[in-house]
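Residue numbers (this note's numbering): 118 to 547.
Using N, Cα and C, we set each Cβ at its ideal position, and we do this for glycine too.
Below you'll find the structure, written out as structure tokens, and then a few comments.
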């Protein structure tokens, strides 16, 4: 048994088509088999199928490439084509790796384009247009990947400008613009309404380890317009019995402080959070989710004063995914303890050898009990985080987990406890 963090993919396979436009689709590859809209090409033994929400492909020595292809049809329009995948094995311990290419292609009446990632860790953008021009728009560039990285590629095409923007993203790093502009000879045109394709291609006949790609997400659809900027906070204050009521516009991902001063000589950004001595401190107030926040019965204290609402980005009090620890040790300040019965909290890569999970919730590592196997009888093991300060307004705990325990009547249990750093006694026992 292992207790580890595991990525949870929401089941979804949505296929839509707007009238006359290309056929859009979104696939999380969470079904028991590949959707019938795809064609499997190449050696059938190299199509490894769907496991844990991803479609796996490899390619054999002397193979002709292993492909999944999907027809699109319709008429050209602006689009976003995006794919997320993991390569493992691929780079191995260095160049030339598995001597393989991952190719992501799109075809239309005006030519075809492909993004090619080779096992040297280099990415290039190739375009062949209908007028006879062909070549790399962007030459081979090292994008700094290692086996197990989660890689996302995105092509956005704007029909009004006939321009495209190509970006890549590794794990949760910021997206990187790889190309922005036209095609190999300027024009882009229709590169999408014939079909789209993923290919795994082994370009060397040696017996070196075969590369494997796991495609876990593929979407072709409209470019999502950015959300309109939020309006001003528009704070309103009114009487509420013997106190005051405050209303203001709020948005998700922000937190708010009710601040106050008896003078305008300083900026509201420097004012202290208001404390009426009755209610909890009015700071780090989470957005309500409705677009509007309300504070009621705020007591009025002392001299006449001014009030303001300060909006801030939400900052986690504690965040950890265990991926920044090269030596697979616990983060600084974290502590693991056990009763000596052979079960310990560890940081590592879940293998799924005896039970799930076969992957971490993000990146490649997580914390788990006996991460390579089962826990032992009579075990009692705990993992304690580093110390953090919870504001008076409270906090929310969120985490990813995977649990596999014995069934009743010998069921095992676990709990999450919030401890006082001063006394080590429980404050919240869940």
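Problem set entry | Contacts around residue 263, its chain only, beta-carbon distance under 7 angstroms, and the 5 residues preceding and following it disregarded | 208
For this session: Would you give the residue range spanned by the beta strand (DSSP E) that residue 338 belongs to?
Result: 329-338
For this session: Please list, in chain order, all residues of the same chain as residue 416 whose beta carbon is under 6 angstroms from its beta carbon, the five residues on each side excluded.
Result: 360, 393 and 395
Exercise. Contact between the region 353-369 and the region 197-216: three or more CB pairs below 8 angstroms?
Worked result: no
For this session: Evaluate contact between the region 369-384 and the region 398-412, counting only Cβ atoms and requiring at least three cross-stretch pairs below 8 angstroms.
Result: yes
Problem set entry | Local Cβ density within 10 Å of residue 533, reported as buried at 16 or more and exposed below that | exposed
Exercise. From residue 388 to residue 371, what does the alpha carbon distance come to, in whole angstroms?
Worked result: 18 angstroms
Exercise. Does the separation of the CB atoms of residue 139 and residue 189 fall below 8 angstroms?
Worked result: yes
Problem set entry | Cβ distance (whole Å) where residue 279 is taken to contact residue 313 below 8 angstroms | So it is not a contact: roughly 19 angstroms between Cβ atoms.
For this session: Under 8 angstroms by Cβ, that's how I've got residue 245 and residue 229 pegged, so tell me the actual separation to the nearest angstrom.
Result: 6 angstroms
Exercise. Within 10 angstroms of its Cβ, does residue 541 collect 16 or more other Cβ (buried), or is it exposed?
Worked result: exposed
Exercise. Distance, Cα to Cα, residue 608 vs residue 335?
Worked result: Residue numbering for the chain in the displayed model covers 118 to 547; residue 608 lies beyond these limits and cannot be assessed.
Exercise. Do residue 274 and residue 196 have their CB atoms nearer than 8 angstroms?
Worked result: yes
For this session: Assign residue 311 to buried or exposed, taking buried as 16 or more other Cβ atoms, counted over all protein chains shown, within 10 Å of its Cβ.
Result: buried
Problem set entry | Best match in 171, 452 and 259 for proximity to residue 331 [C-alpha to C-alpha] | 171
Exercise. Does DSSP put residue 163 in a helix, in a strand, or in coil?
Worked result: helix
Exercise. Can you tell me the Cα-Cα spacing of residue 424 and residue 369, whole angstroms?
Worked result: 22 angstroms
For this session: Go to residue 423, then tell me how far its beta strand (DSSP E) extends in each direction, as first and last residue.
Result: 423-430
Exercise. Considering only the beta carbon of each residue, do residue 216 and residue 333 sit closer than 8 angstroms?
Worked result: no
Exercise. Chain C beta carbons: is any one of them nearer than 8 angstroms to that of residue 241?
Worked result: Of the chains in the structure shown, none is chain C; there is only one protein chain.
For this session: For the region 444-457 and the region 495-509, state whether three or more C-beta atom pairs, one from each stretch, are separated by less than 8 angstroms.
Result: yes
Exercise. Cβ of residue 268 within 8 angstroms of Cβ of residue 301?
Worked result: no
Exercise. Are residue 535 and residue 545 touching if we call contact CB-CB under 8 angstroms?
Worked result: yes
For this session: Would you kindly report the start and end of the unbroken beta strand (DSSP E) that includes residue 221?
Result: 217-225
For this session: Kindly list the residues whose CB is nearer than 6 angstroms to the CB of residue 169, restricted to its own chain and excluding five residues on each side of it in sequence; keep chain order.
Result: 475
Exercise. From residue 240 to residue 283, what does the alpha carbon distance come to, in whole angstroms?
Worked result: 12 angstroms
Exercise. For residue 365, which residues from the same chain have a beta carbon less than 8 angstroms from its beta carbon, with the 5 sequence-adjacent residues on both sides left out?
Worked result: 350, 351, 352, 353, 373, 409, 410 and 426
For this session: Tell me whether residue 540 sits in a helix, a strand or coil according to DSSP, three-state version.
Result: coil
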